[in-house]
Ligand code: NG1
Ligand code: ZN
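In my numbering, the protein residues as written are -16 to 513.
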């Protein structure tokens, strides 16, 4: 460790004294002005993590669906997953160390993890389209080189693309080629193969309208277009050429406001989708003939995909365990439909993608989605082998073979590392085409219970503790009893409260038989939180 060189370099990225930040569920995220030192230090930490794991590590500069003025950073572990929990706290320690304590904090981590410093590490860096992202990713690269390690700057990429690239690099090409071209080729080929078997019975031949949230997703769809061989007809809106990032558009806006984004011309019955600012979330929606907005969120997506996979498994004669992982925010109708009609295993975990991802990995095939549209499918090694083996079996009947091949294409179409708006969109489009479903038919698989989400500002949101995957409050005393009392007054009702991990608020969720009742229930429960 060249302490003098490192100290000098770190002075170019000074930490504002007293500033304290925390590596939360979405990494560090705050106003871009406060992030230069964080980026430099995440460069340092990524290099250490790379040495420790003897693998390539990723650093993504983005603040996803936050406003343009914000930015953020996340570390990516060798298999393309979120960084291990123990390292989240190193990230927090290193970021909050005052300037004169940086070196000792770094050395403490090296010692605690027994990191051997003699081998050179490799760090992959990517960024979104924010104005601040270029300088901030430069600070990450500076951090990596301050330890004498190597980096590769992929420049503008979606978050899930960087996750994919890291995994490819660490698996010797068995997951795919570690380049953007490799990503486009792998996904496009799988999409073209699945849709070549589509019956096209659907009446919905309209092009898909894609709202790019004025972010990276639109840019990357343009890059991908030639690879898709005109198999997907789509139009891009909010492509970043004029509007502001995430402003009145994007997946988060559409989900939270329950309305179509600005800049997309809605035609009754024709399907639209919105990406978020870094293209790891997606939601679908349409207007019915009366002009009413209909949202197909992460729960509807999980249902469509898991139903498709389950049918293929049956048709292929493969006995693999399929599960859907949700959070407490999943609409009660979706849980009911999956458990009782589809007969798949449903598990509920705490909010935050890493919890869903880990839970999904316990099954042969795990489909996970947050209601807000972040999700993917993960296949166990054994499931992948069985699917591939069956697809290549020459003795199969046509029916079974075609199902097995479609399952194999599905495995290749999915970005298993993390939720990916582009990959999810292609899978959804493939399922709709193969099953001959219009967006309305998909929507009718089950009917959402009316629901309402509210935010409540309180003095200290950490006073609320929860259990049972956040569905019940254990403190403050009396709160859960109060909620139970209120919920009991409504029918088909459910409500819970939890402190947000990304905002200084308590979130209230409620669902009930009618929208008016869901609204009242949420309001009454929010009063009980004060
Ligand atoms: P918090 O603020 O902890 O509710 C939000 C989302 C999560 C997840 C994270 C990270 C809701 C209710 N919560 O978490 O699903 O996406 O942000 O971005 O949508
Ligand atoms: Zn995002």
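Quick reminder that beta carbons are idealized off the backbone N, C-alpha and C, glycines included.
Tell me whether residue i sits in a helix, a strand or coil according to DSSP, three-state version.
| i | result |
| --- | --- |
| residue 324 | helix |
| residue 488 | coil |
| residue 16 | helix |
| residue 448 | strand |
| residue 40 | strand |
| residue 174 | helix |
| residue 110 | strand |
| residue 220 | strand |
| residue 136 | strand |
| residue 430 | coil |
| residue 501 | helix |
| residue 468 | helix |
| residue 456 | strand |
| residue 482 | strand |
| residue 494 | strand |
| residue 54 | strand |
| residue 100 | coil |
| residue 198 | coil |
| residue 310 | strand |
| residue 477 | strand |
| residue 435 | strand |
| residue 408 | helix |
| residue 65 | strand |
| residue 8 | strand |
| residue -16 | coil |
| residue 86 | helix |
| residue 214 | coil |
| residue 515 | Outside the displayed span of the chain (-16 to 513) sits residue 515, for which this structure offers no information. |
| residue 148 | helix |
If residue i and residue j are in contact, beta carbons under 8 Å, what's the gap, nearest whole angstrom?
| i | j | result |
| --- | --- | --- |
| residue 402 | residue 357 | 4 Å |
| residue 104 | residue 161 | Going by Cβ atoms, the distance from residue 104 to residue 161 rounds to 16 Å, so no, they are not a contact pair. |
| residue 476 | residue 494 | 7 Å |
| residue 333 | residue 453 | 5 Å |
| residue 446 | residue 478 | The pair is not a contact, with the Cβ atoms about 18 Å apart (cut-off 8 Å). |
| residue 512 | residue 470 | At roughly 14 Å, the Cβ-Cβ gap does not stay under 8 Å, so residue 512 and residue 470 are not in contact. |
| residue 509 | residue 437 | 5 Å |
| residue 370 | residue 391 | 5 Å |
| residue 109 | residue 145 | 4 Å |
| residue 177 | residue 417 | 6 Å |
| residue 147 | residue 400 | 6 Å |
| residue 78 | residue 4 | 6 Å |
| residue 44 | residue 26 | Rounded, the Cβ-Cβ distance is 11 Å, inconsistent with contact. |
| residue 229 | residue 50 | 6 Å |
| residue -11 | residue 86 | 7 Å |
| residue 368 | residue 394 | The Cβ separation is near 11 Å, so there is no contact. |
Near residue i, which residues of its chain fall below 7 Å by C-beta distance, leaving aside the five closest residues on each side in sequence?
| i | result |
| --- | --- |
| residue 293 | 305, 325 and 327 |
| residue 81 | -2 and 0 |
| residue 430 | 316 |
| residue 288 | 350, 360, 410 and 414 |
| residue 501 | 433, 434, 435, 493, 494 and 495 |
Taking 8 Å as the limit between beta carbons, can you name the residues of its chain near residue i, skipping five residues before and five after?
| i | result |
| --- | --- |
| residue 131 | -15 and 103 |
| residue 516 | Absent from the model: residue 516. The displayed extent of the chain is -16 to 513, so no value can be given. |
| residue 237 | 194, 243, 244, 257, 266, 268 and 278 |
| residue 448 | 456, 457 and 458 |
Please work out which residues of its chain come closer than 6 Å, Cβ to Cβ, to residue i, disregarding the five sequence neighbours upstream and downstream, and give them in chain order.
| i | result |
| --- | --- |
| residue 474 | 496 |
| residue 235 | 48 and 259 |
| residue 249 | 243 and 270 |
Any heavy atom of the ligand SAH inside 6 Å of the beta-carbon of residue i?
| i | result |
| --- | --- |
| residue 261 | This structure does not include the ligand SAH; its bound ligands are the ligand NG1 and the ligand ZN. |
Report the start-end ranges of each beta strand (DSSP E) in the stretch 229 to 304 that is 3 residues or longer and not cut off at the edges.
Along the length of the stretch 229 to 304, whole beta strand (DSSP E) runs at least 3 residues long occupy 255 to 258, 265 to 270 and 276 to 279, reported in chain order.
Could you tell me whether the stretch 186 to 197 touches the stretch 251 to 267, where touching means 3 or more Cβ pairs closer than 8 Å?
Yes, the stretch 186 to 197 is in contact with the stretch 251 to 267.
Quick one: which unbroken beta strand (DSSP E) runs of 3-plus residues sit fully inside the stretch 331 to 406? Chain order, please.
Those beta strand (DSSP E) runs which fall completely within the stretch 331 to 406 and span 3+ residues are 348 to 352 and 358 to 362.
Should the stretch 109 to 122 be called in touch with the stretch 9 to 24, which here means at least 3 C-beta pairs below 8 Å?
Yes, since at least three Cβ pairs between the stretch 109 to 122 and the stretch 9 to 24 fall closer than 8 Å, the two stretches touch.
Okay, do the stretch 196 to 205 and the stretch 133 to 140 touch, 3+ Cβ pairs below 8 Å being the bar?
Output reads yes: the stretch 133 to 140 touches the stretch 196 to 205.
Is the stretch 306 to 324 in contact with the stretch 279 to 286, if contact means three or more CB pairs nearer than 8 Å?
Verdict: yes, contact present.
Segment contact flag, the stretch 397 to 411 with the stretch 170 to 178, C-beta cutoff 8 Å, min 3 pairs:
The stretch 397 to 411 is in contact with the stretch 170 to 178.
Counting Cβ pairs, one atom from each stretch, are 3 or more of them under 8 Å apart for the stretch 25 to 43 and the stretch 60 to 72?
Yes, the stretch 25 to 43 is in contact with the stretch 60 to 72.
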